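What follows is a set of notes on a single structure, which appears directly below.
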Amino acid sequence: MDEILDFLKREDADIVLMQEVYNGHEPFWERKFRSMDVLREALGYPYEHFAPAFLERTEFGKVEQGNAILSKLSLIEAASTPGDVPYGEREDKPEYYERTPRNLQRVAVEVEGRTLQVFNTQGVWGKDGDDNERRLMMAQSIVDAIKPFDFVVLAGDFNVQEKTKTIAMIEEHLVNVFKNDHRSTSFNMKHKTNPGFATAVVDMIFASPSLRALEHRQCDDNVSDHLALTVTLEYKPIFMFELPDLPFAKDELAPWTSAETFDFHHGKHHAGYVQKLNAAVLGNEFEGRSLEEVIAGSRDRNPKVFNLAAQHFNHSFFWNCLSATSQSPSGDLAVTIDRDFGSFEEFKIQFTDVATTHFGSGWVWLTRGADGKLAVKGFHDAQTPAQTDETPLLTLDVWEHAYYIDHRNNRVAFIEGFWDHVNWEFVGLQF
């Protein structure tokens, strides 16, 4: 215990996560059975949470063993799963059943204005760390616990091999901080005598993708049967969405659309959508998701996020539909246009009519339905075929900011000039 205390004082961590800690309610001659009392007295952390897994050593009195979190940061919330609830109804080795810690501990602290959820786990033991029914149920319970949160650290003694489905399930949601270190074991082999765990990587630290490890190491101090893991984390927002470059020079499409228009349309309007979208998804369920996932998930639940995401999609697609010169559709696209519209000229007439008569702001799209049939459709405001099961092929922005600098209120002139700048090669690739 003295060596452990010296180590913890030297590390001076903001948050300490421990497993298999004893909490005695009466003074015992054995210090380890009142280790929480010793930690409190010697370290002086102002905040703590003990999560019992089970009772044992009843011959000495009421002694609990479980997980402990010591913190310099105020605990906003503290909770744990019931210690008497096993992961599953069966145990591979029944004699270990009552002695297996099974709880998942959680505390919430405030870091730089954000609520960080810290999970501390003691995994089920047995079968040399391979996947089994109880361990997979343990993994699922961990996943279920962390999914509601976007700012998470998960650590502990998982009692599991690194390359298992158990760990892969967690890695679908969090980053394994030590994964790329290729360590054969996190045990201190001077103490550990169980040969079945000789290749196990039982202790791990996971963190949300928005948390970057500035420093992480496996400590060499010989103070326990496990070597301690330490990590220094920095919050780094995930700005997943970026303003794409224009696929042409800003002055290449003049006089139809001037460089000044692109300065505003691309450099101000589209850039503003991207900036606001990144801010809008930060710290919620949409952070780290693809643009299509954000559009689909926000459509009926978050109009602000949907509008920003849809406008980012629409504009990014629109830039690729443009080029300095225009040819004509070719190949299967040309054949399908003739089939569904009668001719390329008839298609242009229909597209132009929809764009001209579209009331207010919005977009005009050529799409391909699930049945393979082409259609011209107007979408109001930020609406987009990306929210439907249709495949987008070609679009024209009919918001006023797309043409007002060069054409004032003459939308018709803007639409007519569009046909001289359609990138049919890009459209064909979408088909």
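Heads up, the sequence shown is in numbering that gives the first Met the number 0, so the first residue is 0 and it goes up one at a time.
Ideal placement from N, C-alpha and C gives every residue a C-beta, glycine not left out.
All of these numbers come straight from a predicted model, not from anything done at the bench.
Apart from the five residues just before and just after residue i, which ones in its own chain have a Cβ nearer than 8 Å to its Cβ?
i	result
E111	Y234
F263	H400 and I404
L245	F261, H265 and W318
D220	E2, F6, L226 and A227
Nearest-angstrom Cα distance between residue i and residue j?
i	j	result
I414	N408	12 Å
A212	I145	19 Å
A433	A78	Since the displayed the chain opens at 0 and closes at 430, residue 433 lies outside it and no answer follows.
G122	N102	8 Å
A227	D370	59 Å
H172	F425	35 Å
V159	S329	57 Å
L373	Q429	12 Å
Q386	N306	11 Å
F247	D339	31 Å
L276	A308	6 Å
T80	G128	22 Å
N22	P243	57 Å
Y272	Q310	7 Å
D130	E76	32 Å
Is it right to say residue i is buried, meaning 16 or more other beta carbons lie within 10 angstroms of its own, or is it exposed?
i	result
W418	exposed
I169	buried
R113	exposed
F118	buried
Q326	exposed
S297	buried
T256	buried
G65	buried
Cutting at 6 Å between CB atoms, please list the residues of its own chain near residue i, excluding the five before and the five after it.
i	result
V222	E2, I3 and F6
H406	A412 and F413
E47	L69
T120	L103 and G155
V174	A206 and P208
P384	W364, T366 and P391
Give every residue of the same chain whose Cβ lies closer than 7 Å to the Cβ of residue i, excluding the five residues on either side of it in the sequence, and list them in chain order.
i	result
A354	V363, L395, V397 and I414
V176	I204, F205, A206, A212, H215 and V230
T351	I414
Would a check of beta-carbon distances place residue i closer than 8 Å to chain D?
i	result
G296	Given the protein chain composition of this structure (a single chain), no chain D is represented.
Using only the heavy atoms of the ligand ADP, determine whether one of them is closer than 7 Å to the beta carbon of residue i.
i	result
E109	As far as ligands go, the structure on display features none, and thus does not contain the ligand ADP.
| Whole beta strand (DSSP E) elements within the stretch 244–287, 3-residue minimum | none
| message | Is it the case that the stretch 206–225 contacts the stretch 368–388, given that we only count it when at least three CB pairs across the two stretches are under 8 Å? | response | no
| query | Do three or more CB pairs link the stretch 135–145 to the stretch 155–167 at distances below 8 Å? | reply | yes
| task | Could you tell me whether the stretch 383–390 touches the stretch 328–347, using the rule of 3 or more Cβ pairs below 8 Å? | result | no
| request: Could you pull out every unbroken beta strand (DSSP E) segment of at least 3 residues lying fully inside the stretch 348–416, listed in chain order? | output: DSSP runs (the beta strand (DSSP E)) wholly in the stretch 348–416: 361–367, 373–379 and 390–396.
| Between the stretch 307–326 and the stretch 341–351, do at least 3 Cβ pairs fall closer than 8 Å? | no
| task | Give a yes or no on contact between the stretch 36–45 and the stretch 249–256, applying the rule of three or more CB pairs nearer than 8 Å. | result | no
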